[in-house]
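Visitor: Before anything else, here's the structure in question.
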Amino acid sequence: MPINRKNSFTTLTSRSQQNKRIKLLAKDIEKESKIILKQQNFDNTKIRYIELEIGDEIVGIDLSEVNLDFTRVRQNAVVCACDEALILRDGYRHLAAISPNLKREYQISNRRNEISKYMETIIPIYDCKIELDNIQNNSNNSSNSSNNNSVNPNFSLTNDQNGFFSYRSIKDLLNTLIPIWKKKSILNIGDNIKLKFGGDGHIITNKYAHVMFTMCLLNEGDEVLKPEKQYW
Numbered sequence: 001m002p003i004n005r006k007n008s009f010t011t012l013t014s015r016s017q018q019n020k021r022i023k024l025l026a027k028d029i030e031k032e033s034k035i036i037l038k039q040q041n042f043d044n045t046k047i048r049y050i051e052l053e054i055g056d057e058i059v060g061i062d063l064s065e066v067n068l069d070f071t072r073v074r075q076n077a078v079v080c081a082c083d084e085a086l087i088l089r090d091g092y093r094h095l096a097a098i099s100p101n102l103k104r105e106y107q108i109s110n111r112r113n114e115i116s117k118y119m120e121t122i123i124p125i126y127d128c129k130i131e132l133d134n135i136q137n138n139s140n141n142s143s144n145s146s147n148n149n150s151v152n153p154n155f156s157l158t159n160d161q162n163g164f165f166s167y168r169s170i171k172d173l174l175n176t177l178i179p180i181w182k183k184k185s186i187l188n189i190g191d192n193i194k195l196k197f198g199g200d201g202h203i204i205t206n207k208y209a210h211v212m213f214t215m216c217l218l219n220e221g222d223e224v225l226k227p228e229k230q231y232w
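When you line the sequence shown up against full-length UniProt numbering, it's residues 1 to 232, in that order.
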């Protein structure tokens, strides 16, 4: 019988040493559990989570961490849920602190950064600048020569507002979304793509400080009423 030279877990004073020991234990449990489940004829079955009571401390071991693909799926689901529910980092950190089943906040933040970097490669965000001097002059000339009451006399453009804005290419969006729509049978070969464009702006002191333009696919029917079906 091999000699176990490992120190007792309770004698480990460093948190990093404890985490390393727990990770080794998780790998051993994950490996042995496959053999036991197979012997007991549990097909397509995995142990995902266990809890250990070590002294007065409860330690949760997430065996899905051993399977990177499954971990990514869970992390993606958490990122999506936090975005849809508008849960900020501090809020999620408080939740994760009281629930061992939740991923740690730093893991979710790292995964969100990975997703953001990937999205920047397939649907990049471009920055642009529009000089508004000529637009201002044309607007003044038009207002002097026209009696159109729809012109707001209090609206003005200043040089420090010169059109800084960011945008995504519709072509990049469609190159990404069309394969998804085809896979879900939302679009079929020969269908006409019906897009609707909209926007929302927040007005501060008679000036547009922020405008968001969105796009949705009318082929989806009533699904376009859902916020997640609005692409920007």
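The beta-carbon is built from N, C-alpha and C at its ideal position, and this holds for glycine as well.
Can you give me the start and stop residues for the beta strand (DSSP E) that Ser185 sits inside?
Guide: Translated into positions along the sequence shown, residue 185 becomes position 185. Taken as a continuous stretch (DSSP letters only), Ser185 belongs to no beta strand (DSSP E), as it is neither H nor E.
Visitor: Quick one: Cα of Gln17 to Cα of Ile61, how far?
Guide: In the sequence shown, counting from the first residue as 1, residue 17 sits at position 17. In the sequence shown, counting from the first residue as 1, residue 61 sits at position 61. If you take the alpha carbons of Gln17 and Ile61, they lie about 15 Å apart.
Visitor: Run through DSSP, which three-state label would Arg104 get?
Guide: On the sequence shown, residue 104 is found 104 positions in, with the first residue counted as 1. Arg104 falls in the coil class under three-state DSSP.
Visitor: With burial defined as no fewer than 16 other Cβ atoms inside 10 Å of the residue's Cβ, what is the status of Glu32: buried or exposed?
Guide: Locating residue 32 in the sequence shown gives position 32, counting from the first residue. Its Cβ having fewer than 16 others within 10 Å, Glu32 is exposed.
Visitor: Can you list, in chain order, the residues of its chain with a C-beta nearer than 8 Å to that of Leu25? Leave out the 5 residues immediately preceding and following it.
Guide: Translated into positions along the sequence shown, residue 25 becomes position 25. Cβ within range, chain order: Ile61.
Visitor: Roughly how many angstroms lie between the CA atoms of Ile54 and Arg111, to the nearest whole one?
Guide: As a working note, residue 54 is residue 54 in the sequence shown. As a working note, residue 111 is residue 111 in the sequence shown. Taking the straight line from one Cα to the other gives about 30 Å.
Visitor: Would you check if the region 120-129 and the region 85-93 touch, i.e. whether three or more CB-CB distances between them fall below 8 Å?
Guide: The region 85-93, when compared against the region 120-129, does not touch it at the 8 Å Cβ threshold.
Visitor: What residues in its chain sit with their C-beta under 7 Å from that of Arg21, if we drop five residues either side in the sequence?
Guide: Start at 1 with the first residue of the sequence shown, and residue 21 comes out as number 21. The answer, listed in chain order, is Phe9, Leu12.
Visitor: Would Val78 be called buried (16 or more neighbouring beta carbons within 10 Å of its own) or exposed?
Guide: Start at 1 with the first residue of the sequence shown, and residue 78 comes out as number 78. Buried is the call here.
Visitor: With Thr214 and Gly198 assumed to form a contact (beta carbons below 8 Å), what rounded beta-carbon distance in angstroms separates them?
Guide: Here residue 214 refers to the residue found at position 214 when the sequence shown is read from its first residue. Here residue 198 refers to the residue found at position 198 when the sequence shown is read from its first residue. That belief holds up - the Cβ atoms of Thr214 and Gly198 are roughly 5 Å apart, short of 8 Å.
Visitor: Tell me which same chain residues have a C-beta within less than 7 Å of the C-beta of Asp222, skipping the five on either side of it?
Guide: Indexing the sequence shown from 1 puts residue 222 at position 222. Counting only Cβ-Cβ distances below 7 Å, and skipping sequence neighbours, we find nothing.
Visitor: Kindly identify the DSSP beta-bridge partner or partners of Asp62.
Guide: As a working note, residue 62 is residue 62 in the sequence shown. Asp62 pairs with Tyr49.
Visitor: Please state the DSSP three-state secondary structure of Gly198.
Guide: Taking the sequence shown and counting its residues from 1, the one referred to as residue 198 is at position 198. Here Gly198 sits in strand by DSSP.
Visitor: By Cβ distance, which residues of its chain are closer than 6 Å to Ser156, with the 5 residues on each side in sequence left out?
Guide: Here residue 156 is taken as the residue at index 156 of the sequence shown, counted from 1. Reliability fails at Ser156, whose pLDDT of 43 lies under 50, so the model's placement of it is uncertain and the value that follows must be treated cautiously. No residues qualify anywhere along the chain.
Visitor: Need the endpoints of the beta strand (DSSP E) that Tyr167 sits in, please.
Guide: Within the sequence shown, the letter at position 167 stands for residue 167. Residues 164-168.
Visitor: Can you say whether Ile108 is buried or exposed, counting buried as having 16 or more other CB atoms within 10 angstroms of its CB?
Guide: If you number the sequence shown from 1, residue 108 lands on position 108. Looking at its Cβ environment, which holds 16 or more other Cβ atoms inside 10 Å, Ile108 is buried.
Visitor: Would you identify the three-state DSSP class for Leu217, choosing helix, strand or coil?
Guide: For the purposes of this step, residue 217 is taken as residue 217 along the sequence shown, with counting starting at 1. It is a strand residue.
Visitor: Leaving aside the five residues before and after Ala81 along the sequence, list all residues of the same chain whose C-beta is less than 8 Å from its C-beta, in chain order.
Guide: Within the sequence shown, numbered from 1, the residue matching residue 81 stands at position 81. Only Ile87 meet the Cβ criterion.
Visitor: Any idea what DSSP makes of Ile36, helix, strand or coil?
Guide: Indexing the sequence shown from 1 puts residue 36 at position 36. Three-state result, Ile36: helix.
Visitor: Tell me which residue opens and which closes the beta strand (DSSP E) that Ile125 is part of.
Guide: Locating residue 125 in the sequence shown gives position 125, where the first residue counts as 1. Per DSSP, Ile125 belongs to the beta strand (DSSP E) from 125-129.
Visitor: With a Cβ-Cβ cutoff of 8 Å, do Cys216 and Lys184 count as a contact?
Guide: Stepping through the sequence shown from its first residue, residue 216 is reached at position 216. Stepping through the sequence shown from its first residue, residue 184 is reached at position 184. Not in contact: Cys216 and Lys184 (Cβ atoms no closer than 8 Å).
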